[in-house]
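In full-length UniProt numbering, the protein residues as written are 1 to 179.
Glycine included, every Cβ here is placed at the ideal spot set by N, Cα and C.
Below you'll find the structure, written out as structure tokens, and then a few comments.
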Amino acid sequence: MGKSSSKLSSKESRFLMEVYSLTDEQLDEVYRDFRARAGKKNYLDFEDFRALYSGSRFEHDVSDQLAVFRALADSERLTLAGYVRLCQLSQSAGSGPDPERLRVLFSVMDEDQSGTISEDEFCRFLANFVDDETTMQNFFARADEDKSKLIYFHEFAKFCRKHRRAFRLMCAYVFPQVR
Numbered sequence: 001m002g003k004s005s006s007k008l009s010s011k012e013s014r015f016l017m018e019v020y021s022l023t024d025e026q027l028d029e030v031y032r033d034f035r036a037r038a039g040k041k042n043y044l045d046f047e048d049f050r051a052l053y054s055g056s057r058f059e060h061d062v063s064d065q066l067a068v069f070r071a072l073a074d075s076e077r078l079t080l081a082g083y084v085r086l087c088q089l090s091q092s093a094g095s096g097p098d099p100e101r102l103r104v105l106f107s108v109m110d111e112d113q114s115g116t117i118s119e120d121e122f123c124r125f126l127a128n129f130v131d132d133e134t135t136m137q138n139f140f141a142r143a144d145e146d147k148s149k150l151i152y153f154h155e156f157a158k159f160c161r162k163h164r165r166a167f168r169l170m171c172a173y174v175f176p177q178v179r
């Protein structure tokens with residue numbers, strides 16, 4: 001383990017490297033970045049987390065940022081493990097809709113945490129990067145396969161697999177580029 005990671009226990013280092021498939025050098029880089037952002041606190045609070053979005057091409061709704069933060073944070077604190085997860089999620093979505101990204105995206109859109117996404121929730125989210133209301137409604141109709149006026153997780157996952165470009169846009173909006 002490099003010098004900058006010397007404050008990580010070998011157990012924590014092994015855990016992070018194994019769970020997130022990181023090399024020693026990658027963990028070193030993520031750890032240095034995390035320490036620079038967290039300072040002496042050893043965690044990121046919501047305001048620190050919001051600063052990660054400062055270079056984004058999108059204007060982010062605070063409620064969307066809070067939903068992402070809560071999906072990754074533990075007791076309102078984003079620890080190193082949560083930050084490593086965020087770094088992994090922020091990497092190119094070109095590899096396709098993996099379960100973790102889908103889960104976080106779904107929870108951001110499911111504003112009322114009902115376990116489903118309503119048409120209003122879906123369109124409000126898409127309005128962050130889609131200007132045409134007809135396009136938003138068409139996307140909702142495609143995702144709502146059972147025509148229940150609600151999108152269930154399995155429908156959302158299938159929609160994202162079919163519509164890769166839309167999935168990549170959603171990821172670009174939700175996950176800040178942190179490394």
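Taking the alpha-carbon positions, what's the residue i to residue j distance?
{"i": "LEU89", "j": "GLY96", "result": "11 Å"}
{"i": "TYR21", "j": "ALA71", "result": "Per the sequence presented here, residue 21 reads as Ser, with Tyr not at that position. If I take the Cα positions, the gap works out to 21 Å."}
{"i": "GLN137", "j": "GLU121", "result": "12 Å"}
{"i": "GLY82", "j": "PHE156", "result": "24 Å"}
{"i": "LEU169", "j": "LYS41", "result": "33 Å"}
{"i": "SER114", "j": "ASP144", "result": "16 Å"}
{"i": "GLU59", "j": "LYS7", "result": "36 Å"}
{"i": "LYS3", "j": "SER75", "result": "Low per-residue confidence applies at LYS3: pLDDT is 45, beneath 50, and the placement is therefore not dependable enough to give any value."}
{"i": "ASP24", "j": "GLN91", "result": "18 Å"}
{"i": "CYS160", "j": "GLY55", "result": "25 Å"}
{"i": "TYR43", "j": "ASP112", "result": "27 Å"}
{"i": "CYS123", "j": "VAL108", "result": "13 Å"}
{"i": "GLU12", "j": "ARG50", "result": "26 Å"}
{"i": "PHE15", "j": "SER9", "result": "10 Å"}
{"i": "ILE117", "j": "VAL130", "result": "17 Å"}
{"i": "TYR53", "j": "ASN128", "result": "14 Å"}
{"i": "LEU80", "j": "GLY39", "result": "12 Å"}
{"i": "LYS147", "j": "MET17", "result": "43 Å"}
{"i": "VAL19", "j": "ARG103", "result": "18 Å"}
{"i": "ASP132", "j": "ILE151", "result": "20 Å"}
{"i": "ARG165", "j": "ARG142", "result": "14 Å"}
Beta carbon of residue i, beta carbon of residue j: below 9 Å?
{"i": "ARG57", "j": "ALA172", "result": "yes"}
{"i": "VAL84", "j": "LEU126", "result": "no"}
{"i": "LEU78", "j": "PHE175", "result": "no"}
{"i": "PHE106", "j": "PHE167", "result": "no"}
{"i": "residue 188", "j": "PHE140", "result": "With the chain covering 1 to 179 only, the question about residue 188 has no answer from this structure."}
For residue i, count the other beta carbons within 10 Å of its own beta carbon; 16 or more makes it buried, fewer makes it exposed. Which is it?
{"i": "ASP110", "result": "buried"}
{"i": "PRO99", "result": "exposed"}
{"i": "THR134", "result": "exposed"}
{"i": "ALA73", "result": "buried"}
{"i": "VAL178", "result": "buried"}
{"i": "VAL62", "result": "exposed"}
Contact check, residue i vs residue j under 8 Å by CB: the rounded distance?
{"i": "ASP45", "j": "ARG37", "result": "Not really, about 11 Å apart at Cβ, beyond 8 Å."}
{"i": "GLU119", "j": "LYS158", "result": "That belief does not hold up - the Cβ atoms of GLU119 and LYS158 are roughly 17 Å apart, past 8 Å."}
Answer yes or no: the CB of residue i versus the heavy atoms of the ligand SAH, is any distance below 8 Å?
{"i": "TYR173", "result": "Looking for the ligand SAH in the displayed structure turns up nothing, as the structure carries no ligands at all."}
### Message
Within 8 Å, do at least three Cβ pairs link the stretch 62-70 to the stretch 31-38?
### Response
no
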